[in-house]
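A short worksheet on the structure shown next.
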Amino acid sequence: MLSIAKMGKGSALYYANLAQEQREFDCTKLGEPPGRWWGRGAKILGLPDHINRQDFLLLFDGFSVEDESLVRNAGDEKRVPGWDLVFAPPASIGKVLWGMAPPDIRLVIEECHEQAIQTSLSYLEEQTYVRRGQGGTELQRAGLVVAMYEHGTNRNQELFLHRHCLVLNVGVCLEGNHSGALHSKALYQNKMGAGALYRSELASQLQERLGLSLERVQSWFELQGFSRESGEYQELMNFLSSRRQEIEAHEPQTAREAQVIAYETRAEKEELPPRSELFAQWQEIGQRYGFGAEEVRKLVKVSLEHTREQEREKRQSLVQRWQEWRTIREAASRVLRSESHFTRRELVRFLAEASQTRRINAERVFELTKKYLGSRQVMSLGVIDGEERFTTKRLWKLERQLLTQVKALDRDKSRFRVPTHRIAALAKQHSLTPSQQQALQAVSLPGRIKAVAGISGTGKSYALSAVRQAFEESRYQVIGVTSSKRGAERLKEQTGIGKQSIVSQALFGKKQQALTLNRLFWELDRAQESKRKYGSRSIFTSPLSRKTVVIADNAQDISAVQMKRLVKEVGRADAKLILCGNLKQSAAYEHGGAFRAISRLVKPAVLTQVKRQEYQQEQKIVQQLDRGKALMALRTLEERGHLSISGSKEEAIKSLVATWSKQGAKRPREHLLLCEVQQESKIINRFAQAQRREQGYLSGAGVKIGEQRIYKGDRIHLTQTSSTYGITKATFGEVRHLDRMSKVAVVRLDSGKRKVINLRDYKGMELGYCVTGTQAREVETRYAYVLSRGIYGRQGAGVQLSRAKVGTHLHTYQLEREEEVIVELARQMSRDKQRDFAHMVQDQTQELERDR
């Protein structure tokens, strides 16, 4: 594992005081092993291998050992002295195996740990630059100055092998006698790749030198059969992880939060006994749990004299080549799972993660990276922000085919006209805003493909209702499609698509006209297969025809693959396609960006006037976020008294629920709590439920479902689709009756329907007072209470702060010692996380080349 944290001015003494003074580590004496210098920068400065305390303190402040300034702001109190990179093996290795192993095996584990760290730091050093020139705009390659301190315990004096690699904020240029402050962005950008390389190299070394059986666990690995959740040694793993449990009790949602909690909750590290005494204590604990030196030796399946030449021969085997092919295949799939393009560092990260437990070391990961990038299936898109971007030819071809099909549709302007007088009448009938009226006029013009775009709350669905009526009255069949079943139901409710008129039924018969894309494709496939088998006798007809208008709502959620199929089928049927969505909202999870790419070819009608929010100030906040002016939006909230800043997450949650409970406890349907991650929503839901119980709105003993207990009167969120009970995923409701014995609940959905649900069978019922921003994308409420740190950028903030019609209350909290929390939150909320097609990236790189 690898974590990174910015160091403070006073942290230097912590590392220096714990380490022994002599050159060689003596396990019979107090303290941790002495520190060592590492890096090209350290060599250029002439630093010895062993860290001298005085030298370390000087370099920590930005001075050379001769007391000369190495950076412009050396000695400045506000200067960032460096970054603490902590390398730690997985718990089953760095705690259990290392602590219980006999000395010879322990030494091999430490050597494997050392090799993995060296590999990871070398990779980071290849990406190291210092800022030079006026304003620090020029970047120059540099070597790192790293102070390495090995520690064997955590704050609770439990065994925990880890190394602090203090990357000092002093880079020494490789060309010329210069030094300067590091360009820290590269350090953070490559952190995930460096951590994956550390784990990859460590796993390979452990398998090669000890023959250990390892297994993948998400993005890391563990000894086979060792887990904190289950297994023979579960109790031992948990006993040795009390510090981790202390941190997890605060339920951090990001790596940064976990680091902050670790610093805030840490105790002063007491004087350490000699490590030899600690090992004796730890091994006694291991014996108590049935895992001692003998059990360790049984896990080692390779003789310690096993030669590396033998291992190299194994790597050339057919089985190993197959493992490498699997590694490349897995990494290639993951690196393009959500994006249409990638960088070398992203590929290195995913290859390193995929290589764990497959006996592929970091050196081979780099070889596989070069091999894949040089293969015929990968193409370069050019350089953006100093990084070359790549895509696969298969994905490039898919994008090109989609855009070609869109151009072909856009050229046909012969049909699908709506009379002008009908447009004017509908605009008046629906009281459309000027931008909605322009959108209605634009999509009603002759043409086979049209687009409507607008941010959340601009009335896209309301405008589509008028569009639907315009085409139906012009004797066209209107079909609505979305990527989700809940979206299809919402489209039907808000636009009337699927509620067939008498004229429509007479012309086309009763049809399901609001459906998911997958359902539409299934019906098309069924009709085509039936026609192929039975010809004119086929009873199944295609849902698309020359008289069909297809409205695709939430088009930003449609992946490139689905969009290509949709455009192709519309073109084949001579139908018309209207795409409607939010160009500034997060795109589809898989190969997103199709709607944005199409909007460059088909100019969309843009809805600009915010309609959802009833008050001008609330509309102003949404518009400011849309324009990227998050700080102004936050200041507006602050002026209205709707922004609360707490000192910690726990305080922020309490403040959030207290504000909500004043009105929300009585009317939870109108008062929605929002947060950023699932774990937060579970905590907030429990607090909100407790408030409602205290105020007497809930009754009965309740029924336990998973980790939660549901009572009569609870607001619930249904997270699974069930045809048995007629439930669609992402539906909200209220428990009106609950039988504790049979576990049968009667739920009144927000749509007004009542459902009888057997909770022994249906497992998708959760408390629904609080949901994440992702779950609330299609939700409207009167009041919203938001807990946010802006981790999902501009798109996430746009969703959270645009759900409420009347008022939004934002609660946030302070991490570390942020001088201006609002400024930091605004910076996070201004980050753009849009996904673009590879073609758009290539156009951007070519434009940059022309500008040069």
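The number in the numbering used here is simply the position in the sequence shown, starting from 1, with 110 added.
A virtual CB, placed ideally from N, CA and C, is assigned to each residue, including glycine.
Since the structure is predicted, the reported quantities are computational estimates derived from the model, not experimental observations.
In terms of DSSP beta bridges, what is residue i paired with?
i       : result
Arg-251 : Tyr-239
Cys-880 : Leu-783
Ser-809 : Lys-822
Arg-273 : Phe-197, Glu-260
Gly-192 : Leu-278
Cys-690 : Val-562
His-919 : Tyr-895
Ile-755 : Thr-922
Val-331 : Reading off the sequence, residue 331 comes out as Phe, not Val. Bridge partners of Phe-331: Arg-326.
Asn-868 : Val-854
Trp-147 : Ala-257
Leu-969 : No answer is possible for residue 969: it lies beyond the span of the chain, which begins at 111 and ends at 962.
Ser-113 : Val-196
Gln-587 : Thr-658
Lys-481 : Lys-481 pairs with nothing; no bridge assigned.
I need the straight-line Cα distance from residue i to residue j, nearest angstrom please.
i       : j       : result
Val-475 : Ser-465 : 8 Å
Glu-749 : Asp-824 : 34 Å
Val-591 : Leu-634 : 13 Å
Arg-454 : Phe-500 : 8 Å
Leu-536 : Phe-581 : 11 Å
Ile-708 : Ser-545 : 21 Å
Val-767 : Gln-938 : 24 Å
Gly-908 : Ser-448 : 20 Å
Arg-904 : Val-732 : 11 Å
Leu-322 : Ala-441 : 24 Å
Ala-211 : Arg-326 : 22 Å
Arg-504 : Gln-487 : 7 Å
Asp-942 : Arg-870 : 43 Å
Tyr-895 : Arg-803 : 20 Å
Arg-600 : Lys-523 : 31 Å
Arg-251 : Leu-234 : 12 Å
Asp-495 : Gln-944 : 16 Å
Val-856 : Gln-818 : 18 Å
In its own chain, which residues sit with a C-beta less than 6 Å from the C-beta of residue i, not counting the 5 before and 5 after it?
i       : result
Leu-157 : Trp-147
Ile-395 : none
Ala-963 : There is simply no residue 963 to check, as the chain begins at 111 and stops at 962 in what is shown.
Met-111 : Ala-198
Ala-122 : Leu-167, Phe-170
Report yes if the CB atom of residue i is closer than 8 Å to the CB atom of residue j, and no otherwise.
i       : j       : result
Gly-608 : Gln-587 : no
Phe-197 : Ser-174 : no
Ala-685 : Ser-655 : yes
Lys-721 : Thr-838 : no
Tyr-879 : Gln-799 : yes
Ser-575 : Gly-606 : yes
Gln-515 : Lys-678 : yes
Asp-663 : Gly-738 : no
Ile-826 : Gly-806 : no
Val-181 : Gly-192 : no
Gly-883 : Tyr-902 : yes
Tyr-923 : Gly-757 : yes
Glu-285 : Glu-142 : no
Apart from the five residues just before and just after residue i, which ones in its own chain have a Cβ nearer than 7 Å to its Cβ?
i       : result
Pro-714 : Ala-561, Val-562, Ala-563
Ile-154 : Gly-253, Val-282
Ile-161 : Pro-144, Gly-145, Arg-146, Trp-147, Ala-257
Ser-652 : Leu-634, Ala-637, Ala-683
Gln-369 : With a pLDDT of 49 at Gln-369, under the threshold of 50, the modelled position of that residue is not reliable, and no figure is offered here.
Tyr-835 : Lys-865, Ile-867, Tyr-872
What does the Cβ neighbour count give for residue i, buried or exposed, with the cut at 16 atoms within 10 Å?
i       : result
Met-258 : buried
Tyr-343 : buried
Trp-392 : buried
Met-851 : exposed
His-531 : exposed
Arg-431 : exposed
Ala-775 : buried
Pro-529 : exposed
Asp-860 : exposed
Is residue i close to chain D, meaning its C-beta is less than 8 Å from at least one C-beta of that chain?
i       : result
Gly-305 : Among the protein chains of the structure shown there is no chain D, as only one such chain exists.
Identify, in the order they occur along the chain, each residue of the same chain with its Cβ nearer than 8 Å to the Cβ of residue i, setting aside the five sequence neighbours on each side.
i       : result
Gly-120 : none
Glu-332 : Pro-200, Ala-201, Ser-202, Ile-203, Leu-324, Glu-325
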